[in-house]
Every structure is written in C-alpha cells, then in structure tokens.
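K.L.:
Sharing a structure with you now.
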Amino acid sequence: MSYTYNFDDVISKLNEYVSKKESYDLIVKAYNFMLEKHDGQYRKSGEPYSNHLIAVAYILAGLHAGPTTICAGLLHDTIEDCAVTFQDIESNFSTEVAYLVDAVTKVTQLSNINKEDYLAENHRKIFIAMAKDIRVIIIKLADRLHNMRTLEFQKVEKQKQIAKETLEVYTPIAHRLGLNNIKTELENLCLFYLNREKYLEIEKLLHTKEEERHDAVAKMEEKLKKLLDKNKLPYKMSGRAKSIYSIYKKMYVKGRDFSEIYDLQALRIITNTKTHCYEILGYIHATYRPIPGRFKDYIAMPKPNMYQSLHTTIIAEDGEIFEIQIRTKEMDEIAESGVAAHWKYKENKGYDASKEQKEIEEKLHWFRDFVALSDEELQDSDAKEYMNVLTHDIFEANVYCLTPKGRVIDLPNGATPIDFAYKIHTQVGHTMVGAIVNGAMVPLSTVLKTGDVVDIKTNKNTGPNEGWLQIAKTSYALNHIRKYLMKQNVAKNRDDLILNGKTYFEIACRDDGLSYNECIAFLEDEKNKKILSFESIEDMFLAIGARHLTAGNITNKIKQEKKKEQQVVETTQELLNKQKKYNKTDLNGNNLGVIVEGIDRIAISMAQCCSPIPGDPIVGYISKGLGVKIHRHDCPNIINEHKRIIAVSWENEKDDSVLHAVSIQVKATDRPNLLMDVINAMSQLKISIQSINGTVVDNTSFCYFDLNIKVKNLEHLKTVMNAIYNIPDIISISRLTKN
Ligand code: MN
Numbered sequence: 002m003s004y005t006y007n008f009d010d011v012i013s014k015l016n017e018y019v020s021k022k023e024s025y026d027l028i029v030k031a032y033n034f035m036l037e038k039h040d041g042q043y044r045k046s047g048e049p050y051s052n053h054l055i056a057v058a059y060i061l062a063g064l065h066a067g068p069t070t071i072c073a074g075l076l077h078d079t080i081e082d083c084a085v086t087f088q089d090i091e092s093n094f095s096t097e098v099a100y101l102v103d104a105v106t107k108v109t110q111l112s113n114i115n116k117e118d119y120l121a122e123n124h125r126k127i128f129i130a131m132a133k134d135i136r137v138i139i140i141k142l143a144d145r146l147h148n149m150r151t152l153e154f155q156k157v158e159k160q161k162q163i164a165k166e167t168l169e170v171y172t173p174i175a176h177r178l179g180l181n182n183i184k185t186e187l188e189n190l191c192l193f194y195l196n197r198e199k200y201l202e203i204e205k206l207l208h209t210k211e212e213e214r215h216d217a218v219a220k221m222e223e224k225l226k227k228l229l230d231k232n233k234l235p236y237k238m239s240g241r242a243k244s245i246y247s248i249y250k251k252m253y254v255k256g257r258d259f260s261e262i263y264d265l266q267a268l269r270i271i272t273n274t275k276t277h278c279y280e281i282l283g284y285i286h287a288t289y290r291p292i293p294g295r296f297k298d299y300i301a302m303p304k305p306n307m308y309q310s311l312h313t314t315i316i317a318e319d320g321e322i323f324e325i326q327i328r329t330k331e332m333d334e335i336a337e338s339g340v341a342a343h344w345k346y347k348e349n350k351g352y353d354a355s356k357e358q359k360e361i362e363e364k365l366h367w368f369r370d371f372v373a374l375s376d377e378e379l380q381d382s383d384a385k386e387y388m389n390v391l392t393h394d395i396f397e398a399n400v401y402c403l404t405p406k407g408r409v410i411d412l413p414n415g416a417t418p419i420d421f422a423y424k425i426h427t428q429v430g431h432t433m434v435g436a437i438v439n440g441a442m443v444p445l446s447t448v449l450k451t452g453d454v455v456d457i458k459t460n461k462n463t464g465p466n467e468g469w470l471q472i473a474k475t476s477y478a479l480n481h482i483r484k485y486l487m488k489q490n491v492a493k494n495r496d497d498l499i500l501n502g503k504t505y506f507e508i509a510c511r512d513d514g515l516s517y518n519e520c521i522a523f524l525e526d527e528k529n530k531k532i533l534s535f536e537s538i539e540d541m542f543l544a545i546g547a548r549h550l551t552a553g554n555i556t557n558k559i560k561q562e563k564k565k566e567q568q569v570v571e572t573t574q575e576l577l578n579k580q581k582k583y584n585k586t587d588l589n590g591n592n593l594g595v596i597v598e599g600i601d602r603i604a605i606s607m608a609q610c611c612s613p614i615p616g617d618p619i620v621g622y623i624s625k626g627l628g629v630k631i632h633r634h635d636c637p638n639i640i641n642e643h644k645r646i647i648a649v650s651w652e653n654e655k656d657d658s659v660l661h662a663v664s665i666q667v668k669a670t671d672r673p674n675l676l677m678d679v680i681n682a683m684s685q686l687k688i689s690i691q692s693i694n695g696t697v698v699d700n701t702s703f704c705y706f707d708l709n710i711k712v713k714n715l716e717h718l719k720t721v722m723n724a725i726y727n728i729p730d731i732i733s734i735s736r737l738t739k740n
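Be aware that the sequence shown starts at 2, since it is given in this note's numbering, and climbs by one per residue.
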C-alpha cells in the first residue's frame with residue numbers, strides 16, 4: 002500500500018471541512034516554508050523529506066484538525082532538522098504555531114534517546130511533554146503513524162525499538178483518546194515488526210476463514226435486515242473484522258484458540274437515534290438468544306475514551322455466534338476517531354486552546370488525572386512509579402465510582418475503597434477508617450463496581466497499616482501506603498535499635514568482666530568523651546543496635562583506658578618506692594600525716610566517703626591496686642571488712658597545717674533567719690563554707706541542712722559544731738558519710 006500523498010490530496014481533504022481563504026493561505030505558506038527548509042533532505046526510503054510532512058498533514062486533515070494544527074504538522078520537523086528557531090516560526094506564522102512545533106520537537110528529541118535503562122524515564126518525559134496540549138498528542142500520533150507505515154526502510158534494530166516505543170507510549174494514548182483507527186493501524190504495524198511470524202500466521206488464518214465467514218455473515222445480515230425492515234427501523238449494516246493485533250492478544254496473551262474467538266463474526270448496525278439503538282436491540286433479543294453476560298450498554302455508561310455503543314452476542318439458529326454492535330452515526334465517528342471526532346474543527350468558531358483543554362479534561366476524566374499526574378507529585382519521583390500509575394491506574398481504569406457529591410472517580414478493575422480514598426486525596430487515604438458504599442458500611446477489601454457511590458470515613462488519628470498493601474490495587478495507593486509505613490518504621494525502628502544496642506552492650510560488659518554501670522559512668526565522664534565519639538550514650542546504643550559498631554569494640558576501648566589509668570597508678574607507686582619516701586604521702590606526694598604501722602613503703606590516700614581529719618580514730622583499708630585508703634574507724638563502708646584492714650595512726654593528731662573537707666548535717670526547728678545565724682557563726686570562726694543544702698521536712702516544723710566546710714582537725718571541727726549547736730532552735734549536729 003502506498004502511503005505517499007501530494008499536497009493536492011491534503012487540499013482536497015481540507016475541502017471537506019475548510020472553506021475560508023485565509024486558512025488555505027496559511028497552510029500553503031507553511032507548505033512552502035517547509036519545502037524550502039527541508040530542501041535537499043531525503044528520507045531513508047529515498048523520497049524527499051517533504052513527503053513525510055505532507056503525509057502527516059494528510060492524516061491530520063483526515064481527523065478534521067484545525068488550520069493551526071495542520072500548519073504545525075507541516076512544520077513539525079523544521080526546528081529539529083533545519084536549524085529553524087522558535088522565533089522564525091513565530092514571526093512567519095504565530096506564537097501558537099511556534100509553540101506547537103516546539104512542543105512536538107521536544108517529544109521527538111526524547112524519542113531519539115535509546116537506552117534501555119532510561120526507557121521508563123523517557124516515556125514519562127514524553128507523556129509529560131504531550132500532556133500540555135492535546136494538539137501535540139494528535140500531531141505526534143500522526144507523525145508516528147507515518148513513521149510506522151514507512152518503517153521498512155529502517156534497520157531491524159531501529160524497527161524494533163520504534164515499534165516497542167509505539168506500543169508502550171503511543172497506542173495506549175491513542176486508545177484512551179478513542180483514536181481507534183490510528184490505534185488499530187499502529188498496533189498491527191507494531192506486531193508486524195515485533196513478531197512477524199505470528200502476524201503472518203494470523204493473517205493467513207483470517208484469509209482461509211474469510212469465505213466461510215463471509216457466507217455466514219451475509220446470511221445473518223439478510224435475516225437482520227428483514228427483521229428491521231419489518232419494524233420500519235432506519236439502519237446501515239456492515240460486517241466487521243477484528244484486527245490482527247487484537248486476535249494476537251486473545252490467542253497469545255489470553256491463551257484462547259483461534260476458533261474460540263467469537264467476535265470474528267461481527268456485525269455493526271448504525272442507526273439514527275439513541276432510542277433506535279435500544280429498539281433494534283429489543284427486536285434482536287426477542288428473536289435470537291443472547292449469551293448471558295455478554296450484553297454491554299456503553300451508551301448509558303460510556304467508556305473512558307467516550308466510546309458509546311450497545312454490544313450483544315447472539316446465537317443464530319445454526320449455532321453460529323455473532324457479536325453485534327448497535328450505535329448512532331455520531332457514536333460511530335467517535336468510536337473511530339474519538340477525541341478528534343468530538344473536537345473536530347468547526348469553522349467560524351474561534352479556537353481557544355485552554356478552553357478546549359479544559360473541555361477535554363471534563364469529558365475525559367482520565368485526561369484530567371493524566372495532566373495532574375504529569376504536573377505534580379510524581380514528576381520528581383521514580384520514573385517507573387510514574388509509568389506504573391499511568392499505565393495501570395489511569396490507562397487501565399474502567400470502573401467509575403462516585404463520591405456522595407457526584408464526582409466521578411476512575412479506578413482500575415479490582416480497586417477497593419482504599420484506592421478510592423487515595424484517588425480523592427492522599428490525606429483522605431492516610432486517614433480513612435471505613436467506607437460506606439451505596440449506603441451500607443462495607444469491609445475495606447470490597448471490590449468496587451461501576452456506579453457505586455462511595456463515602457469515605459476518616460479519622461485523623463489513624464493511619465495505614467501493612468494489611469492495606471494486600472487490599473489496595475492501584476500503584477498510586479500502594480506507593481503512598483508504602484511511603485507512610487516506611488516513615489513509621491524509621492521511628493519505631495530507632496527505639497528498637499537503641500534497646501537492642503543496650504542489650505548487646507550489657508552482654509559485652511559481662512563477657513569482658515566489666516560492670517555495666519561503671520562503664521556507663523566511665524563513658525559519661527567528660528574526660529572520656531573522646532572514647533565514646535558519640536553525642537550521647539543513646540546514639541552509641543543506636544549505632545550498636547544498627548550494627549554500625551560492635552559493643553565489644555567499646556568495651557575493649559574502656560578496658561584499654563582503664564589499663565592506662567592503672568599504669569599511671571603503678572608508675573607512681575614505683576616512683577614512690579624508688580624515692581624511698583616515707584609512707585605518709587599520697588599519690589601526688591602530699592604529706593597526709595598518716596603512718597601505716599609496720600609498712601615502710603605504700604601509697605596512701607584519704608577515703609572520700611567519710612573524709613577523716615587529724616584527730617579522728619582511723620583505720621587503713623588495703624584497696625586493689627590503689628594502696629591504702631584511710632577511713633574513719635566507724636565508716637559504714639568498711640565496718641564489715643576485716644581481712645583488708647590494717648592499723649594506721651596520725652603522725653600528729655593536732656596537725657593544723659592543712660585544711661580538710663568535711664560534711665556535717667544540722668537538724669533544727671525551722672524559723673526565719675535560721676540559716677543566716679548559721680552562716681554568721683561560721684564567718685565569726687573564719688570557716689569557709691563550700692556549700693549549703695537545706696530541706697524543710699513536709700508537714701513538720703523540722704528542717705535539715707548539709708554543710709560542706711573545711712577545717713584543720715577534729716578539735717577545730719568540734720569548735721565549729723559547738724558554735725552551731727549554741728544557735729537557738731538547733732536540735733542536733735552530726736558528721737556525714739557518703740556512700
Ligand atoms: Mn516527523
């Protein structure tokens with residue numbers, strides 16, 4: 002079949018619906034401009050490049066496209082191939098023509114990228130570029146149709162790539178726009194290039210069956226004509242063959258046998274009005290037995306691409322099965338060229354691109370979803386996700402449900418109230434708790450049917466759960482549920498990981514013979530912060546729990562640090578030993594004035610718990626590795642120790658050369674100025690107070706305060722305590738021992 006046209010063919014097509022001279026002037030100008038720019042360029046077939054543009058204009062004229070669209074069709078490759086600029090077209094024609102050519106060029110450039118990895122990303126970009134204006138899609142489809150018709154001149158590899166892209170991008174959109182003729186031709190061409198063997202096999206099957214089929218159809222036609230004539234109904238009747246591609250799909254995708262495909266024998270009845278359609282159906286059903294479940298009323302409930310028709314399948318007397326389609330002439334036009342038939346160019350009616358786009362979005366709800374999808378959210382997300390939502394949720398939507406306010410929500414087969422909720426709004430999905438369908442509360446897993454009125458109940462304190470992933474059907478809902486759960490898991494996980502980390506750390510401490518509490522105290526100690534290298538202990542547990550770090554790693558470091566400390570102690574001891582110093586100095590060499598009886602050389606230090614001062618009865622406690630600790634003899638911390646206690650004494654019980662810290666606790670009857678009196682007494686004795694902590698005992702008149710002061714020796718301390726005791730309202734005074 003020849004797909005070569007000349008410009009006169011375009012003009013004669015235009016004559017069918019264009020009469021204004023200025024329209025022809027514009028189109029002729031575009032034709033001449035294109036001829037000049039593409040001069041010297043040839044297609045792979047060897048013909049002048051301009052043939053492609055004439056063919057595209059011819060296809061567009063066949064769809065009764067407006068003069069602007071025809072112009073843009075003629076010029077659609079000038080920016081891409083002829084170094085023509087947007088401004089060139091704008092100044093020679095109009096901004097609108099330039100805009101269309103520019104948009105088509107962007108889609109073309111995207112199609113030229115050929116990398117498997119980028120396919121989804123690329124397809125997404127093509128859809129987004131096309132969603133901007135319906136005319137861009139129409140021009141692109143005409144362009145692709147001619148390229149597919151002339152694909153034989155490309156290399157095999159390129160043929161397959163283009164055919165694949167056509168099936169994935171262009172045929173679904175042609176189908177959704179109801180451009181049935183273009184869609185069918187494209188599909189058949191794709192099959193021819195992608196699976197020639199099957200294409201030829203089906204073509205042959207059709208051919209051998211043709212005569213047989215023709216006879217049966219002719220017989221049925223006669224019978225129906227008689228039936229309709231008798232009842233004085235207007236009609237036009239035609240036989241109809243299924244496309245090779247649709248048979249291929251039924252045979253190889255749905256696994257049916259060629260002979261099983263009923264609608265090979267099909268008749269189409271075109272009549273005048275909607276009422277005639279139903280009347281004709283009534284007479285046919287009254288005469289022939291319809292196959293149950295095969296009757297479809299697309300007049301009352303049009304397909305998303307605006308397709309309207311009555312479909313029924315009947316059994317003839319001889320057992321032959323026929324599919325019959327009944328529709329009006331207008332419906333038939335839409336069935337063949339969908340959106341193009343609906344919006345075909347009407348002269349004297351100003352074209353308003355944004356108005357038309359809006360009208361299309363109103364008539365084709367899916368197109369509104371398509372534009373919205375291409376505009377927002379998913380544009381920045383994963384390309385595969387976009388393609389999933391587009392192909393499954395939008396292109397495959399064929400269930401139409403309603404909100405209580407009557408808004409139509411398109412959903413794919415098997416969709417549930419969860420999908421419905423997400424389709425309304427992500428937030429509605431996230432907060433849904435129940436659904437009322439046609440007035441009755443239903444389980445969330447209920448499969449929705451066309452015509453269902455769905456009222457979603459929400460509660461903002463709840464959220465999706467894992468179970469929803471089994472119930473939701475649309476990619477859109479699934480993506481949002483997954484994202485929500487992922488965020489939740491991150492928060493929940495953190496707590497779990499910290500808990501695990503803590504457990505691992507406790508185990509590691511035990512294995513290394515360390516006390517967990519000591520280790521924590523050690524890590525929290527400011528001077529050990531660098532070992533930890535975390536902001537907090539919690540962060541460390543998190544790192545351990547998340548297995549970025551092992552608990553043993555930390556306990557090892559603690560052990561090493563402790564060993565270093567130990568070495569410092571041991572070195573100091575050695576030093577002391579070498580110096581053969583007397584044993585009354587502490588680790589820093591300060592004279593503590595204590596004699597360890599019977600031992601010359603040993604490191605000693607004062608216990609912090611009971612803070613002995615010269616004059617106190619004292620004992621020595623031999624600590625592990627830290628020499629002898631000096632305690633008061635009645636210190637509760639050593640009172641039960643016997644083996645490690647050795648006798649010690651003060652060198653001079655009245656030594657007043659050093660100030661020693663002590664803690665005392667005062668009990669008193671609370672009154673105004675009590676604390677002031679205590680402080681005054683101290684200052685008269687020239688005692689410096691390190692700190693005071695007062696507490697009033699609830700529901701009593703008593704109060705306690707702890708005083709940290711420095712004194713020279715026991716005698717000095719007794720003077721201080723007496724002075725306090727003499728203050729009115731003091732009940733008792735005692736030395737404090739820390740645990
Ligand atoms: Mn082109």
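The beta-carbon is built from N, C-alpha and C at its ideal position, and this holds for glycine as well.
If you compare alpha carbons, which of Cys-704, Val-721, Asp-699 is closest to Ile-690?
P.N.:
Comparing Cα positions, the closest option is Val-721.
K.L.:
Since Leu-515 sits in a beta bridge, which residues does DSSP pair it with?
P.N.:
Bridge partners of Leu-515: none, in fact.
K.L.:
Say the cut is 8 Å; is the CB of Thr-109 nearer than that to a heavy atom of the ligand MN?
P.N.:
Flag set: Cβ of Thr-109 near the ligand MN.
K.L.:
What does a CB cutoff of less than 8 Å around Tyr-299 pick up in its chain, not counting 5 residues either side in sequence?
P.N.:
So the list reads Tyr-308, Gln-309, Ser-310, Leu-311, His-312, once near-sequence residues are dropped.
K.L.:
Out of Ala-342, Ile-135, Thr-451, Asn-93, point me to the one whose CA is closest to Gly-407's CA.
P.N.:
Nearest option by C-alpha distance: Thr-451.
K.L.:
Classify Ala-608: buried if its beta carbon has 16 or more other beta carbons within 10 angstroms, exposed otherwise.
P.N.:
Under this definition Ala-608 is a buried residue.
K.L.:
Would you call the segment 322 to 339 in contact with the segment 426 to 444, where contact means no fewer than 3 C-beta pairs closer than 8 Å?
P.N.:
Because the criterion of three Cβ pairs below 8 Å is not met, the segment 322 to 339 and the segment 426 to 444 do not touch.
K.L.:
Identify which residue in Gly-74, Thr-96, Tyr-246, Asn-93 has its Cα closest to the Cα of Thr-106.
P.N.:
Comparing Cα-Cα distances from Thr-106 to each of Gly-74, Thr-96, Tyr-246, Asn-93, the minimum goes to Gly-74.
K.L.:
Using the rule of at least 16 other Cβ atoms within 10 Å of the residue's Cβ for burial, across every protein chain shown, is Glu-188 buried or exposed?
P.N.:
It counts as buried.
K.L.:
Here's the rule: buried if 16 or more other CB atoms are within 10 angstroms of the residue's CB, otherwise exposed. What is Leu-379?
P.N.:
For Leu-379, the predicted model reports a pLDDT of 47, less than 50, meaning its position is unreliable; a value from the coordinates is still stated below. That one is buried.
K.L.:
Would you say Glu-321 and Ala-242 are within 9 Å of each other, going by their C-beta atoms?
P.N.:
Not in contact: Glu-321 and Ala-242 (Cβ atoms no closer than 9 Å).
K.L.:
Looking at the unbroken alpha helix (DSSP H) that takes in His-343, where does it start and where does it end?
P.N.:
Per DSSP, His-343 belongs to the alpha helix (DSSP H) from 330 to 343.
K.L.:
Please report the straight-line C-alpha distance between Lys-330 and His-147, rounded to a whole angstrom.
P.N.:
Roughly 28 Å between the two C-alpha positions.
K.L.:
Residues in its own chain within less than 7 Å of Ile-812 by CB, not counting five upstream and five downstream?
P.N.:
The displayed coordinates of the chain run from 2 to 740. Any statement about residue 812 would go beyond what the structure contains.
K.L.:
Given the structure, does Leu-54 come close to the ligand MN, in the sense that its CB is under 8 Å from one of the ligand's heavy atoms?
P.N.:
Checking the Cβ of Leu-54 against the ligand MN gives yes.
K.L.:
When you measure from the CB of Asp-144 to every non-hydrogen atom of the ligand MN, does any distance come out below 8 Å?
P.N.:
Yes, Cβ of Asp-144 sits closer than 8 Å to a heavy atom of the ligand MN.
K.L.:
Which stretch, first to last residue, makes up the alpha helix (DSSP H) that contains Gln-162?
P.N.:
157 to 166 is the extent of the alpha helix (DSSP H) around Gln-162.
K.L.:
Does the count of Cβ pairs from the segment 477 to 491 and the segment 525 to 540 closer than 8 Å reach three?
P.N.:
At 8 Å Cβ cutoff, the stretches do not touch.
K.L.:
Since His-634 and Pro-615 are thought to touch, with beta carbons under 8 Å apart, how far apart are those beta carbons, to the nearest angstrom?
P.N.:
Not quite, the Cβ-Cβ distance comes to about 14 Å (not below 8 Å), so this is no contact.
K.L.:
Cβ-heavy atom distance between Asp-103 and the ligand MN below 8 Å?
P.N.:
Answer for Asp-103: no, Cβ out of range of the ligand MN.
K.L.:
Would you kindly work out how many angstroms separate the C-alpha atoms of Leu-225 and Val-137, rounded to a whole number?
P.N.:
Straight-line Cα distance between these residues: approximately 43 Å.
K.L.:
Tell me whether Leu-550 sits in a helix, a strand or coil according to DSSP, three-state version.
P.N.:
Coil at Leu-550, not helix or strand.
K.L.:
Please state whether DSSP places Phe-542 in a helix, a strand or coil.
P.N.:
Looking at Phe-542 - three-state DSSP - the assignment turns out to be helix.
K.L.:
Identify whether Gly-240 lies in helix, strand or coil by the three-state DSSP scheme.
P.N.:
Correct three-state label for Gly-240: strand.
K.L.:
Does DSSP classify Lys-668 as helix, strand or coil?
P.N.:
In this structure, Lys-668 counts as strand in the three-state DSSP scheme.
K.L.:
If distances are taken between C-alpha atoms only, which option among Pro-413, Pro-405, Phe-703, Val-409 comes closest to Thr-392?
P.N.:
Nearest C-alpha to Thr-392: Pro-413.
K.L.:
Measure the alpha-carbon distance for Asn-399 versus Ile-270 and round it to whole angstroms.
P.N.:
Distance between the alpha carbons of Asn-399 and Ile-270: 25 Å.
K.L.:
Locate the alpha helix (DSSP H) running through Thr-432, then write down its first and last residues.
P.N.:
First-last of the alpha helix (DSSP H) with Thr-432: 427 to 432.
K.L.:
What is the rounded straight-line gap between the Cα of Cys-744 and the Cα of Phe-535?
P.N.:
Because the chain in this structure spans residues 2 to 740, residue 744 falls outside the shown range and cannot be described.
K.L.:
State the CB to CB distance for the pair Gln-266 and Arg-214, rounded to an integer number of angstroms; the pair is presumed to be in contact (CB under 8 Å).
P.N.:
Contact flag correct, Cβ pair sits at about 6 Å.
K.L.:
For the ligand MN, I want to know if His-39 counts as a neighbour, meaning its beta carbon is within less than 8 Å of at least one of the ligand's heavy atoms.
P.N.:
No.
K.L.:
Ends of the alpha helix (DSSP H) at Pro-68?
P.N.:
From DSSP, the alpha helix (DSSP H) with Pro-68 extends over 68 to 76.
K.L.:
In this structure, what does DSSP give as the bridge partners for Arg-633?
P.N.:
According to DSSP, which records beta bridges pairwise, Arg-633 is partnered with Ile-619.
K.L.:
Which residue or residues does DSSP assign as beta-bridge partners of Asn-694?
P.N.:
Asn-694 is bridged to Asp-707.
K.L.:
Looking at Arg-295 and Thr-276, is the spacing between their C-beta atoms short of 9 Å?
P.N.:
No, Cβ-Cβ distance for Thr-276 and Arg-295 is not below 9 Å.
K.L.:
Taking Ala-143 as the reference, which of Gly-63, Tyr-505, Cys-510 has the closest Cα?
P.N.:
Minimum Cα distance to Ala-143 is reached at Gly-63.
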